[in-house]
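Asks: Got a structure for you, questions after.
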Amino acid sequence: MGSKEHENLLNMIKANAVPTHVAVVPDGNGRWARKRGLPRIAGHRAGIETLKRIVRTAGDIGIPYFTLFAFSTENWKRPEAEVSGLLDLLREYLDSGIEQNRENGVRIRVIGRRQGLSRDLIRAIERAEAETAACDRLNFQVAFNYGGRAEIMDAVNTVCSLIRAGKIAVALDEKDFSSLLYTAGMPDPDLIIRSSGELRLSNFMLWQSAYAEFVSCPLLWPDFSPEEFCSCILEYQRRDRRFGGIKAP
Ligand code: FPP
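First residue of the sequence shown: 162, per our numbering; consecutive thereafter.
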């Protein structure tokens, strides 16, 4: 896409309400690799290049929060080579991306369970988070070893410990509960995009997605482009969000 065309698309989006939080389920890396006779990890590697382009575009649009579902609590069931490849890719992405993310004002946070991750990977996560903590153009959350049910159960168990310790005696409201999730302090996603044509949430942001708009795109994630991302945002802008209410007369 020519840069003029890209600029026009960005301006079209900026003329309307830009979503505060966009979350993505980047599906189809495996099928993309298989079509080319490559190992699945080659699809994930190509997926990282797409990710870098989309993070740049999200920043250019002025989206303040962007979350990517990179590895679920269920993905440990995949073959060992694919799992270790994904763990290595996360470390590579974090280590090699710090400078560029800082230059682009991208604050990185990794959300999900840290149990099961190696000390080296946890160190790389902590380093990327600390070194980008002051960036405030785009908040980028990588959901890794993330499960929506696991997140809710972790919060429930935190509540149980707080009750046992006598630290909470009153009932919680939704705001209190949200503050115990991995996404504490972050707005709920307005828009969830899933590539490869699948129409499932797959245990992603179960609590936070209550009123998210869902857009499915047929492209496999490595083929997903900034233009496609822009057209998903434009589709979101055409939706009528009522949050259970009715349209004002
Ligand atoms: C789903 O496609 C994709 C994943 C489980 C991994 C997503 C990973 C990336 C986008 C790159 C890694 C990013 C980081 C930051 C580590 P699939 O493998 O289920 O594809 P398939 O449905 O075609 O098999």
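For every residue, glycine included, the Cβ atom is placed at its ideal position computed from N, Cα and C.
Residue 282: buried (16+ other C-beta within 10 angstroms of its C-beta) or exposed?
Replies: buried
Asks: Which residue's Cα is closest to the Cα of residue 205: 232, 182, 277, 220?
Replies: 232
Asks: Where does residue 369 land, buried or exposed, given buried means 16+ other C-beta within 10 angstroms?
Replies: buried
Asks: Given a threshold of 16 other Cβ atoms within 10 Å of its Cβ, counted over all protein chains shown, does residue 256 qualify as buried or as exposed?
Replies: exposed
Asks: Mind checking which residues open and close the beta strand (DSSP E) that includes residue 306?
Replies: 299-307
Asks: Any idea what DSSP makes of residue 272, helix, strand or coil?
Replies: The three-state reading of DSSP puts residue 272 in strand, counting E and B together.
Asks: Candidates 372, 362, 331, 278: which alpha carbon is nearest residue 351's?
Replies: 372
Asks: Quick check: the region 326-335 against the region 295-303, are there 3 or more CB pairs under 8 Å?
Replies: Using a C-beta cut-off of 8 Å, the region 326-335 makes no contact with the region 295-303, since fewer than three inter-stretch Cβ pairs fall below that distance.
Asks: Can you tell me whether residue 318 is buried or exposed, with buried defined as 16 or more other CB within 10 angstroms of its CB?
Replies: Exposed, because fewer than 16 other Cβ atoms sit within 10 Å of the Cβ of residue 318.
Asks: What's the gap between the Cα of residue 400 and the Cα of residue 316?
Replies: Spanning the two alpha carbons is a distance of roughly 32 Å.
Asks: One question on the structure: do residue 218 and residue 383 come within less than 8 Å of each other, judged by their Cβ atoms?
Replies: Against a cut-off of 8 Å, the Cβ pair of residue 383 and residue 218 comes out as no contact.
Asks: Does the beta-carbon of residue 366 have 16 or more other beta-carbons within 10 angstroms, so that it is buried, or is it exposed?
Replies: buried
Asks: Looking only at its own chain, which residues have a Cβ that is under 8 Å from the Cβ of residue 210, when we skip the five neighbours before and after it?
Replies: So the qualifying residues of the chain are 383.
Asks: For residue 270, which residues from the same chain have a beta carbon less than 8 Å from its beta carbon, with the 5 sequence-adjacent residues on both sides left out?
Replies: So the list reads 290, 300, 301, 302, 303, once near-sequence residues are dropped.
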